[in-house]
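Okay, structure first, notes after.
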Amino acid sequence: MAEVTGGCHCGEIRYEVTGEPVVHLLCHCTDCRRHAGAPMVGWVMVAEGMVKVTKGQPSIYRSSEHGRRHFCANCGTGLFYTNGNMLPGFIDIQSGTYDDPDAVPATMHIQVAERLRWMEAAHELPTVERFPPPE
Numbered sequence: 001m002a003e004v005t006g007g008c009h010c011g012e013i014r015y016e017v018t019g020e021p022v023v024h025l026l027c028h029c030t031d032c033r034r035h036a037g038a039p040m041v042g043w044v045m046v047a048e049g050m051v052k053v054t055k056g057q058p059s060i061y062r063s064s065e066h067g068r069r070h071f072c073a074n075c076g077t078g079l080f081y082t083n084g085n086m087l088p089g090f091i092d093i094q095s096g097t098y099d100d101p102d103a104v105p106a107t108m109h110i111q112v113a114e115r116l117r118w119m120e121a122a123h124e125l126p127t128v129e130r131f132p133p134p135e
């Protein structure tokens, strides 16, 4: 990966990432689920120096004693997570905010002890191309 770009839903915040990621994780912890409003969250871990915010300034929410969640105050999109105690020198980027979310494939699930039970079989659910047909 040479360079990846991304940003929030409304476009107020843009960023770029240069260099190779450490890992791309799919996190199932309660904290990530509640913050994102989603059954799991994809995080790409990189060295802090690899991320450059090119437009706007994220707001920061103190989600735990050491955890900091960076987000767009305008549209609410979660962007980054830092924890100087547990992950010094690294930043996690919500992979769904990449312009090309397929650029870095996920490599593992974490915090599965907190995974929603129905997520274990989510890949078995019926699929439709766009929206389910009206009944």
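The letter at position 40 of the sequence shown is residue 40 when you use UniProt numbering, and the numbering goes up by one with no holes.
Where a beta carbon is used, it is the ideal one built from N, C-alpha and C, also for glycine.
Bridge partner(s) assigned by DSSP for residue i
{"i": "F90", "result": "A47"}
{"i": "T41", "result": "Note that residue 41 corresponds to Val in the displayed sequence, not to Thr. Per DSSP, C27."}
{"i": "T5", "result": "E16"}
{"i": "H109", "result": "L26"}
{"i": "S59", "result": "F71"}
{"i": "N83", "result": "G67"}
{"i": "V53", "result": "Y15"}
Residue from the options whose Cα sits closest to the Cα of residue i
{"i": "V39", "options": "P133, A122 and V128", "result": "Going by the sequence as given, residue 39 is Pro instead of Val. It is A122 whose Cα lies nearest to the Cα of P39."}
{"i": "I60", "options": "G42, V46 and T77", "result": "T77"}
{"i": "M45", "options": "A113, G19 and M119", "result": "G19"}
{"i": "Q111", "options": "H28, P133 and A36", "result": "H28"}
{"i": "V22", "options": "I13, R68, A106 and A73", "result": "A106"}
{"i": "C75", "options": "G11, S63 and G6", "result": "G11"}
{"i": "E3", "options": "S63, V104 and R130", "result": "V104"}
{"i": "R117", "options": "S64, T30, E135 and A36", "result": "T30"}
{"i": "S64", "options": "K55, C32, T54 and G89", "result": "C32"}
Proximal residues to residue i (C-beta, below 6 Å), its chain only, five neighbours per side dropped
{"i": "H109", "result": "L26"}
Counted within 10 angstroms of its Cβ, other Cβ atoms place residue i as buried (16 or more) or exposed
{"i": "Q94", "result": "buried"}
{"i": "D100", "result": "exposed"}
{"i": "F71", "result": "buried"}
{"i": "T97", "result": "buried"}
{"i": "T82", "result": "buried"}
{"i": "G49", "result": "exposed"}
{"i": "G37", "result": "exposed"}
Helix, strand or coil at residue i according to DSSP, with G and I counted as helix
{"i": "H66", "result": "coil"}
{"i": "G76", "result": "coil"}
{"i": "T127", "result": "coil"}
Same chain, Cβ closer than 7 Å to residue i, neighbours up to 5 away in sequence not counted
{"i": "M86", "result": "H66"}
Nonlocal neighbours in the same chain, by C-beta distance under 8 Å from residue i, ignoring five residues either side
{"i": "V51", "result": "Y15, E16, V17, F80, I91 and I93"}
{"i": "G42", "result": "H24, L25, L26, C27, Q94, S95, G96, P101 and A106"}
{"i": "Q57", "result": "I13"}
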